[in-house]
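Q:
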Amino acid sequence: MSQTTLRYGPTTDAVSAIIAIGERSTFAGSNETLWKALGQDAAKFEATEVLVDGKTDVATTYTKVGETRVQHTFAHLNKDRSRNMGHIRSDLVHDLVAAQTPKEGDVKLVLALENQNQVFPAACAVARAFPLYNKKSAAQKLKPRNVHVEVSVPGGVTEETYKKLNNVADSIRLVARIVDMPTSELNTTTYIAEIKAAVQDLPTVKVEVISGEELREKGFGGIYGVGKQAEEPPALVVLTYAPVKQTVEARPVFVGKGIVYDTGGLSLKTSGGMCGMKEDMGGSAACFGAFLAAAKNQYGGALTAVLCLAENAIGPKAQRPDDVVTMYSGKTVELNNTDAEGRLVLGDGVAYATRDLQSTHVIDIATLTGAQLITTGKKHAAVLSRDEDFEKIVLAAGQQSGDWCFPILYAPEILKKEFDSKVADMKNSVADRMNGQASCAGHFVEEHLTADWSGKWAHVDMAGPSGKDQRATGFGVALLLAVLEKL
Ligand SMILES: [Zn+2]
């Protein structure tokens with residue numbers, strides 16, 4: 041299969057396209073670092089003048105280098121940015137890169153940035169523009185090519201930073217690839233194989249898998265119940281990283297929803313409503329990707345990722361509405377909707393993270409509710425936390441990473457009633473959909489935190505931003521990495 045190899049760092053390799061992306065002011069003729077990165081003389085390009093004049097958003101000229109025609113494109117990045125849009129319009133960086141990069145040939149992308157805060161989100165946005173999963177027959181005939189990304193910014197970018205950016209970008213693209221894979225290729229078993237292959241050369245990482253009947257025996261009633269009908273068994277995957285030299289005291293744990301396919305179970309989705317449900321493992325993929333990049337970049341703290349994998353399939357062994365399941369927390373849940381399965385697997389995940397692991401911070405992340413899109417839109421994930429300080433950390437990480445977030449109502453006193461059950465500790469789906477439904481789903485997960493656990497918890501619902509135009513975005517990798525930087 042044809043592949044784009046994406047590499048961050050300076051290059052002098054010959055390329056067939058040089059694309060500069062930046063806010064208008066960075067294209068001024070006096071910006072010498074930019075012209076150096078472009079390997080060009082400013083005066084040669086009328087296109088530049090057009091941009092600085094403010095008349096055109098994208099200008100392209102061509103030059104001949106020997107026999108090769110070289111494309112030179114300057115793309116102007118809109119500067120409009122209100123307070124919830126991060127340090128750069130990373131959404132537009134992605135759009136410009138995707139639109140301006142030719143499909144074939146080696147390319148050099150130059151990010152012309154105003155300040156250091158823009159480096160991480162801009163670099164992550166570029167990675168999202170080069171998806172790896174592609175089954176188009178025409179794509180198989182394209183030659184492998186290199187895309188080099190160089191950053192022009194006051195203060196420069198060190199080799200060490202480029203190295204880290206490469207690891208982060210690799211993770212974002214890996215996550216997007218596995219989220220884009222249909223379940224015929226990525227089921228719980230092949231997912232675990234992907235994970236093991238990715239970490240096999242990392243001596244600091246251990247993988248533990250609890251799967252199938254062993255889940256039932258150990259009391260993971262949530263994950264087991266959701267996944268027991270599927271051909272491939274449900275699994276709890278625990279990735280543990282121990283730093284060579286510990287410099288961070290916090291012991292963060294990521295918990296991710298990994299529903300490799302969600303039919304809704306016996307509370308079956310409508311046929312149209314089922315399309316795209318291969319993406320319902322995006323939260324677990326984000327945890328995996330962030331964990332992998334953190335390990336490669338030698339994060340200074342002990343880190344664990346808990347991935348709750350299951351296929352919510354339909355058949356004679358599927359759990360039913362009215363069934364009562366006992367969760368890993370010990371609490372019982374009367375099912376009133378088998379399509380509210382994400383919170384069941386996450387409930388087991390957070391119970392494990394707060395009982396069996398010595399965690400100080402737990403973040404669960406999931407494509408959880410359609411209500412998230414109603415609450416915070418398609419580009420901002422919803423964040424629920426009982427701890428205001430930790431909520432602020434996650435929100436700030438969103439601004440810094442370009443994986444934007446917005447807080448949602450925290451009010452269990454009012455919202456928990458939505459899950460009242462006559463026969464069990466709670467139901468799994470709300471009575472009234474018009475009562476802060478995205479928050480309710482988070483409160484359900486919260487119910488399964490171990491009661492005497494004293495750490496900090498946040499819940500991230502990324503149902504909207506996990507995808508764009510029927511492609512996975514790799515959302516969450518950059519966010520979780522940015523959170524780690526703040527602990
Ligand atoms: Zn569902």
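Numbered according to the numbering used here, the sequence shown spans residues 41 to 527. For every residue, glycine included, the Cβ atom is placed at its ideal position computed from N, Cα and C. A quick note: this is a predicted structure, and the numbers were derived from the prediction, not measured.
Going residue by residue through the segment 192-256, where are the continuous beta strand (DSSP E) segments of at least 3 residues, counting only ones entirely within it?
A: The DSSP assignment places 245-251 as complete runs of the beta strand (DSSP E) inside the segment 192-256, in order along the chain (cut-off: 3 residues).
Q: Would you call the CB atoms of residue 207 and residue 336 closer than 8 Å?
A: Locating residue 207 in the sequence shown gives position 167, where the first residue counts as 1. Locating residue 336 in the sequence shown gives position 296, where the first residue counts as 1. Contact: yes.
Q: Tell me whether residue 510 is buried or exposed, calling it buried when 16 or more other Cβ atoms sit within 10 Å of its Cβ.
A: In the sequence shown, the residue the question calls residue 510 occupies position 470. By the 10 Å Cβ count, residue 510 comes out exposed.
Q: Does residue 462 pass the burial test, meaning 16 or more other C-beta atoms within 10 Å, or should it be called exposed?
A: Stepping through the sequence shown from its first residue, residue 462 is reached at position 422. So residue 462 ends up on the exposed side.
Q: What do you reckon, are the CB atoms on residue 402 and residue 500 nearer than 8 Å?
A: Here residue 402 is taken as the residue at index 362 of the sequence shown, counted from 1. Here residue 500 is taken as the residue at index 460 of the sequence shown, counted from 1. 8 Å or more divides the Cβ of residue 402 from the Cβ of residue 500.
Q: If you draw a straight line from the C-alpha of residue 16 to the C-alpha of residue 53, how long is it?
A: Any answer about residue 16 is impossible in this case: the structure gives the chain only from 41 up to 527.
Q: Go ahead and pull the three-state DSSP assignment for residue 502.
A: In the sequence shown, residue 502 corresponds to position 462, counting from 1. Of the three classes helix, strand and coil, the one that applies to residue 502 here is coil, per DSSP.
Q: Where residue 370 and residue 388 are concerned, what is the direct C-alpha to C-alpha distance, given to the nearest angstrom?
A: Here the question's residue 370 lines up with position 330 in the sequence shown. Here the question's residue 388 lines up with position 348 in the sequence shown. Each residue's alpha carbon lies about 10 Å from the other.
Q: Tell me the rounded alpha-carbon separation between residue 121 and residue 436.
A: By one-based count along the sequence shown, residue 121 stands at place 81. By one-based count along the sequence shown, residue 436 stands at place 396. Spanning the two alpha carbons is a distance of roughly 16 Å.
Q: Indicate whether residue 497 and residue 427 have their beta-carbon atoms separated by less than 8 Å.
A: Counting from 1 along the sequence shown, the entry for residue 497 is found at position 457. Counting from 1 along the sequence shown, the entry for residue 427 is found at position 387. Yes.
Q: Mapping DSSP to helix, strand and coil, what is residue 263?
A: If you number the sequence shown from 1, residue 263 lands on position 223. Correct three-state label for residue 263: helix.
Q: In angstroms, rounded to a whole number, what distance separates the CA positions of residue 51 and residue 58?
A: Along the sequence shown, read from residue 1 onward, the residue named residue 51 stands at position 11. Along the sequence shown, read from residue 1 onward, the residue named residue 58 stands at position 18. Those two C-alpha atoms are separated by around 12 Å.
Q: If residue 508 sits next to residue 406, beta carbons under 8 Å apart, how far is it from one beta carbon to the other, in whole angstroms?
A: On the sequence shown, residue 508 is found 468 positions in, with the first residue counted as 1. On the sequence shown, residue 406 is found 366 positions in, with the first residue counted as 1. 18 Å between Cβ atoms; not a contact.
Q: Assign residue 60 to one of two classes, buried (16 or more other C-beta atoms within 10 Å of its C-beta) or exposed (fewer than that).
A: Here residue 60 refers to the residue found at position 20 of the sequence shown. With 16 or more other Cβ atoms within 10 Å, it is buried.
Q: Give the list of continuous alpha helix (DSSP H) stretches no shorter than 4 residues that lie fully inside the segment 289-365.
A: 311-314 and 322-336
Q: What's the C-alpha gap between residue 283 and residue 229?
A: Locating residue 283 in the sequence shown gives position 243, where the first residue counts as 1. Locating residue 229 in the sequence shown gives position 189, where the first residue counts as 1. Straight-line Cα distance between these residues: approximately 28 Å.
Q: With a threshold of 7 Å, establish whether the CB of residue 388 neighbours any heavy atom of ligand 1.
A: Position 348 of the sequence shown, counted from the start, is the residue given in the question as residue 388. No.
Q: Helix, strand or coil: which one does DSSP assign to residue 133?
A: Taking the sequence shown and counting its residues from 1, one reaches residue 133 at position 93. Three-state result, residue 133: helix.
Q: Output needed for residue 478: all residues of its chain with C-beta closer than 7 Å, excluding positions within five of it in sequence on either side, in chain order.
A: For this step, residue 478 is matched to residue 438 along the sequence shown. Same-chain partners within the cutoff: 409, 411, 412, 415, 422, 448 and 501.
Q: Please list the terminal residues of the continuous beta strand (DSSP E) segment that includes residue 460.
A: Walking along the sequence shown from the start, residue 460 turns up at place 420. Here residue 460 belongs to no beta strand (DSSP E), and DSSP marks it neither H nor E.
Q: Output yes or no for whether 8 Å exceeds the beta carbon distance between residue 187 and residue 153.
A: Taking the sequence shown and counting its residues from 1, one reaches residue 187 at position 147. Taking the sequence shown and counting its residues from 1, one reaches residue 153 at position 113. No. Outside cutoff.
Q: Tell me whether residue 304, by its Cβ, gets closer than 7 Å to a heavy atom of ligand 1.
A: Working through the sequence shown from its first residue, we reach residue 304 at position 264. Residue 304: yes, Cβ under 7 Å from ligand 1.
Q: Based on Cα-Cα distance, which residue from 446, 440, 438 and 471 lies nearest to residue 454?
A: One-based indexing of the sequence shown puts residue 454 at position 414. Taking only the C-alpha atoms, the option nearest residue 454 is 471.
Q: Do residue 134 and residue 168 count as a contact pair if the criterion is CB distance below 8 Å?
A: Sequence index remark: in the sequence shown, residue 168 carries index 128 (1-based). Sequence index remark: in the sequence shown, residue 134 carries index 94 (1-based). Yes, they are a contact pair.
Q: By DSSP, does residue 446 sit in helix, in strand, or in coil?
A: What you label residue 446 is simply residue 406 of the sequence shown in a count that begins at 1. Three-state result, residue 446: strand.
Q: Assuming the contact rule is C-beta atoms closer than 8 Å, residue 275 and residue 353 should be a hit. Round their C-beta distance to whole Å, please.
A: Residue 275 sits at position 235 when you count from the first residue of the sequence shown. Residue 353 sits at position 313 when you count from the first residue of the sequence shown. With 8 Å as the limit, residue 275 and residue 353 do not qualify as a contact, their Cβ atoms being about 14 Å apart.
Q: First and last residue of the alpha helix (DSSP H) that includes residue 407?
A: Taking the sequence shown and counting its residues from 1, the one referred to as residue 407 is at position 367. Taken as a continuous stretch (DSSP letters only), residue 407 belongs to no alpha helix (DSSP H), as it is neither H nor E.
Q: To the nearest angstrom, how far is it from the Cα of residue 231 to the Cα of residue 348?
A: Here the question's residue 231 lines up with position 191 in the sequence shown. Here the question's residue 348 lines up with position 308 in the sequence shown. Whole-angstrom Cα-Cα distance: 11 Å.
Q: Looking at residue 296 and ligand 1, is the gap between the Cβ and the nearest heavy atom below 7 Å?
A: Looking up residue 296 in the sequence shown gives position 256. Checking the Cβ of residue 296 against ligand 1 gives no.
Q: Assuming residue 487 contacts residue 466 (C-beta within less than 8 Å), just tell me the rounded distance between them.
A: Along the sequence shown, one-based indexing puts residue 487 at 447. Along the sequence shown, one-based indexing puts residue 466 at 426. In this structure residue 487 touches residue 466 by the C-beta definition: roughly 6 Å separates them, less than 8 Å.
Q: At which residues does the beta strand (DSSP E) containing residue 425 begin and terminate?
A: Residue 425 sits at position 385 when you count from the first residue of the sequence shown. Start and end: 421-425.
Q: Looking only at DSSP bridge pairs, what is residue 138 linked to?
A: As a first step, residue 138 is located in the sequence shown; it is residue number 98 there, counting from the start. The partner list for residue 138 (beta bridge, DSSP) is empty, contrary to what the question assumes.
Q: For the 8 Å Cβ check, are there 3 or more pairs between the segment 241-252 and the segment 313-329?
A: Taking a cut-off of 8 Å for Cβ pairs, the segment 241-252 and the segment 313-329 do not touch, as fewer than three such pairs fall below it.
Q: Measure the CB-CB distance between residue 482 and residue 424 and report whether it falls below 8 Å.
A: In the sequence shown, counting from the first residue as 1, residue 482 sits at position 442. In the sequence shown, counting from the first residue as 1, residue 424 sits at position 384. Less than 8 Å divides the Cβ of residue 482 from the Cβ of residue 424.
Q: Would you please state the rounded distance, in angstroms, between the beta carbons of residue 341 and residue 291? I believe it to be under 8 Å.
A: Here residue 341 corresponds to residue number 301 of the sequence shown, with the count starting at 1. Here residue 291 corresponds to residue number 251 of the sequence shown, with the count starting at 1. With a Cβ gap of about 7 Å, residue 341 and residue 291 count as contacting.
Q: Report yes if the C-beta distance between residue 329 and residue 172 is below 8 Å; otherwise report no.
A: Along the sequence shown, one-based indexing puts residue 329 at 289. Along the sequence shown, one-based indexing puts residue 172 at 132. Going by C-beta atoms, residue 329 is not nearer than 8 Å to residue 172.
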